[in-house]
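First residue of the sequence shown? That's 36 in the numbering used here, and the numbers climb one at a time after it.
Even for Gly, the Cβ is constructed at its ideal location relative to N, Cα and C.
Remember, predicted model here, so these are calculated numbers, not experimental data.
Input: a single structure, listed below in structure tokens.
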Amino acid sequence: MTIEQNYQLAKAQYEKWGIDVESALETLKQVPISIHCWQGDDVSGFEVDQQELSGGIDVTGDYPGKATTPEQLRQDLEQALSLIPGKHRINLHAIYAETNGEKVERDQLEPKHFQNWIDWAKQHQLGLDFNPTLFSHPKAADGLTLSHPNKNIRDFWIRHCKASRQIAEYIGKELGTPALTNIWIPDGYKDTPSDRLTPRKRLKDSLDQIFSDQIDERYNIDAVESKLFGIGSEAYVVGSHEFYLGYALKNNILCLLDTGHYHPTEMVSNKISAMLLFSDRIALHVSRPVRWDSDHVVTFDDELKEIGLEIVRNDALDKVMIGLDFFDASINRVAAWTIGTRNMIKSLLYALLMPNDQLKAYQEQGNFTERLAILEEFKTYPFGAIWDYYCKQMNVPVGVEWLKQVQQYEQEVLLNRS
Ligand code: RNT
Ligand code: ZN
Numbered sequence: 036m037t038i039e040q041n042y043q044l045a046k047a048q049y050e051k052w053g054i055d056v057e058s059a060l061e062t063l064k065q066v067p068i069s070i071h072c073w074q075g076d077d078v079s080g081f082e083v084d085q086q087e088l089s090g091g092i093d094v095t096g097d098y099p100g101k102a103t104t105p106e107q108l109r110q111d112l113e114q115a116l117s118l119i120p121g122k123h124r125i126n127l128h129a130i131y132a133e134t135n136g137e138k139v140e141r142d143q144l145e146p147k148h149f150q151n152w153i154d155w156a157k158q159h160q161l162g163l164d165f166n167p168t169l170f171s172h173p174k175a176a177d178g179l180t181l182s183h184p185n186k187n188i189r190d191f192w193i194r195h196c197k198a199s200r201q202i203a204e205y206i207g208k209e210l211g212t213p214a215l216t217n218i219w220i221p222d223g224y225k226d227t228p229s230d231r232l233t234p235r236k237r238l239k240d241s242l243d244q245i246f247s248d249q250i251d252e253r254y255n256i257d258a259v260e261s262k263l264f265g266i267g268s269e270a271y272v273v274g275s276h277e278f279y280l281g282y283a284l285k286n287n288i289l290c291l292l293d294t295g296h297y298h299p300t301e302m303v304s305n306k307i308s309a310m311l312l313f314s315d316r317i318a319l320h321v322s323r324p325v326r327w328d329s330d331h332v333v334t335f336d337d338e339l340k341e342i343g344l345e346i347v348r349n350d351a352l353d354k355v356m357i358g359l360d361f362f363d364a365s366i367n368r369v370a371a372w373t374i375g376t377r378n379m380i381k382s383l384l385y386a387l388l389m390p391n392d393q394l395k396a397y398q399e400q401g402n403f404t405e406r407l408a409i410l411e412e413f414k415t416y417p418f419g420a421i422w423d424y425y426c427k428q429m430n431v432p433v434g435v436e437w438l439k440q441v442q443q444y445e446q447e448v449l450l451n452r453s
């Protein structure tokens, strides 16, 4: 049976439930995923005096072929993008600046240092998002940045964040789609603090200074990302969830939820509907924590499906800015991007193919037996046939065919890198 025939049979099954499969596929085409560039080089970046990764995050593994130049990283991204259906965005960090071999301090970065990325994004019709980098730097060596007791250090990082927003504004203007600038800082303490308030006051003040520069939302959108703990900040993180939730609501910026930044049984899927009642938009870093914030490649697991469902059910495809955040150096990095991003897209398709209205009605009627029965029934519906058809329609490999291309790319390109 062909992909088309399988699709027609599957489609008929979904249609019995009143699900419009074709319009689901049309909707899916419009949803951009912000793909993080840092999976491609283990969060190294291209700074002239590259520092070891710090900030309480870690990448393990040494799979061969990691990109070490901007050209290589873009080439790898192109390879991954050719295997992922749809038009997407690339998420950059400030350490991916290109400075022509010249040392440029992070507080001196300018739009021109990202011109190659912008030109490349234009050429491939990609949006770009941005992050200031407040780790892997001597001024972040003691685990504090925007909340540092030393004003000089704080001011340095404030200038870096301000510069980042300017860069993002330029990117947004150039590309005709706003860049999301997300601030994540590692600040925290390994052991029980004797004062939780003072560092938070300083962080609040630093953020106020950063956001005092008015930038048009048509070009730049601001987000702040909280965290529960990191390596070396197990006891206390300054930018906790409550801190940033409060800050974001009060200052009308976006709260970014990273799925690895909560207690192990605390689910981001359960937060989306609550937050959207109080804020027009939120942002996500979809990741996969395994026992800790390990940033494993996103798989098509229950929580990913639930996240997709919450976005779709609540009509929030244009309110939730979906970004990815994982970094695994133990497997082929192009495959990591491909697997994780295809899974994210799959979860949205899965959600679009559910009889969501009917399921809502069951719940409203107190009909929990039907609710459970139908939710379970759809887990074995022929979703794969629709997904395959979508991939074919979008001119990307169907099924695991993409893997052959990655293997070939590994042989021809990755393994020839020294
Ligand atoms: C760290 C945060 C942050 C980083 C990236 C590299 O725990 O999740 O988003 O992963 O900025
Ligand atoms: Zn994150």
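Report back the beta-carbon spacing between residue i and residue j to the nearest angstrom; my notes put them in contact at under 8 angstroms.
| i | j | result |
| --- | --- | --- |
| alanine 270 | cysteine 290 | Not really, about 23 angstroms apart at Cβ, beyond 8 angstroms. |
| leucine 319 | alanine 386 | With a Cβ gap of about 14 angstroms, leucine 319 and alanine 386 do not count as contacting. |
| alanine 129 | phenylalanine 81 | With a Cβ gap of about 11 angstroms, alanine 129 and phenylalanine 81 do not count as contacting. |
| glutamate 260 | asparagine 217 | 6 angstroms |
| leucine 161 | arginine 124 | 6 angstroms |
| glutamate 137 | valine 83 | 7 angstroms |
| arginine 348 | asparagine 402 | Not quite, the Cβ-Cβ distance comes to about 17 angstroms (not below 8 angstroms), so this is no contact. |
| glycine 90 | alanine 175 | 6 angstroms |
| leucine 238 | leucine 181 | 5 angstroms |
| histidine 195 | arginine 141 | 4 angstroms |
| serine 314 | alanine 283 | 7 angstroms |
| aspartate 76 | leucine 108 | 6 angstroms |
| isoleucine 317 | leucine 292 | 7 angstroms |
What is the rounded straight-line gap between the Cα of residue i and the Cα of residue j?
| i | j | result |
| --- | --- | --- |
| serine 382 | glycine 53 | 20 angstroms |
| serine 199 | threonine 373 | 28 angstroms |
| glycine 274 | methionine 36 | 54 angstroms |
| glutamate 338 | tyrosine 444 | 31 angstroms |
| histidine 230 | lysine 285 | Reading the sequence as shown, one finds aspartate at residue 230 and not histidine. Taking the straight line from one Cα to the other gives about 24 angstroms. |
| isoleucine 68 | valine 369 | 16 angstroms |
| cysteine 400 | glutamate 411 | It should be pointed out that residue 400 corresponds to glutamine in this sequence rather than to cysteine. Distance between the alpha carbons of glutamine 400 and glutamate 411 is about 19 angstroms. |
| lysine 186 | serine 241 | 10 angstroms |
| glycine 375 | aspartate 226 | 34 angstroms |
| alanine 420 | isoleucine 409 | 20 angstroms |
| tryptophan 152 | glutamate 252 | 21 angstroms |
| leucine 112 | aspartate 423 | 22 angstroms |
| lysine 101 | isoleucine 193 | 32 angstroms |
| valine 441 | glutamate 87 | 28 angstroms |
| glutamate 147 | lysine 208 | The sequence shown places lysine at residue 147, not glutamate. Cα-Cα distance, rounded: 13 angstroms. |
| threonine 404 | leucine 394 | 11 angstroms |
| proline 417 | histidine 296 | 33 angstroms |
| glutamine 201 | leucine 388 | 40 angstroms |
| alanine 47 | proline 99 | 45 angstroms |
| serine 268 | isoleucine 92 | 10 angstroms |
Any chance the CB of residue i is under 6 angstroms from a heavy atom of the ligand ZN?
| i | result |
| --- | --- |
| histidine 276 | no |
| aspartate 328 | no |
| histidine 128 | no |
| histidine 123 | no |
| aspartate 360 | yes |
| histidine 320 | yes |
Does the distance between the C-beta of residue i and the nearest non-hydrogen atom of the ligand RNT fall short of 6 angstroms?
| i | result |
| --- | --- |
| asparagine 166 | yes |
| aspartate 222 | no |
| aspartate 293 | yes |
| isoleucine 266 | no |
| isoleucine 92 | yes |
| tryptophan 219 | yes |
Run through the DSSP bridge pairs and tell me what residue i is partnered with.
| i | result |
| --- | --- |
| tryptophan 422 | DSSP output for tryptophan 422 lists no bridge partner at all. |
| glycine 162 | Arg124 |
| histidine 296 | Looking at the DSSP assignment, histidine 296 forms no beta bridge with any residue, so it has no partner. |
| asparagine 151 | For asparagine 151, which the question treats as bridged, DSSP gives no partner whatsoever. |
| histidine 183 | In the DSSP output, where bridge partners are listed per residue, histidine 183 has none listed. |
| isoleucine 357 | Leu319 |
| tyrosine 472 | In the structure as shown, the chain begins at 36 and stops at 453. Residue 472 is therefore absent and cannot be evaluated. |
| arginine 218 | For the sequence presented, residue 218 should be read as isoleucine rather than arginine. For isoleucine 218, which the question treats as bridged, DSSP gives the partners Val259. |
| aspartate 290 | Residue 290 is actually cysteine in this sequence, not aspartate. Its beta-bridge partners are Val259. |
| tryptophan 327 | Val325 |
Does the ligand FMN have even one heavy atom less than 6 angstroms from the beta-carbon of residue i?
| i | result |
| --- | --- |
| tryptophan 73 | Ligands displayed in this structure: the ligand RNT and the ligand ZN; the ligand FMN is not among them. |
Original post:
Is the stretch 357 to 371 touching the stretch 319 to 339 in the sense that three or more CB pairs, one from each, lie closer than 8 angstroms?
Top reply: yes
Original post:
Okay, do the stretch 115 to 129 and the stretch 165 to 172 touch, 3+ Cβ pairs below 8 angstroms being the bar?
Top reply: yes
Original post:
Taking one C-beta from the stretch 114 to 124 and one from the stretch 431 to 438 each time, how about it: are there three or more such pairs within less than 8 angstroms?
Top reply: The stretch 114 to 124, when compared against the stretch 431 to 438, does touch it at the 8 angstroms Cβ threshold.
Subject >> Contact between the stretch 350 to 357 and the stretch 43 to 51 (3+ Cβ pairs under 8 angstroms) >> reply: no
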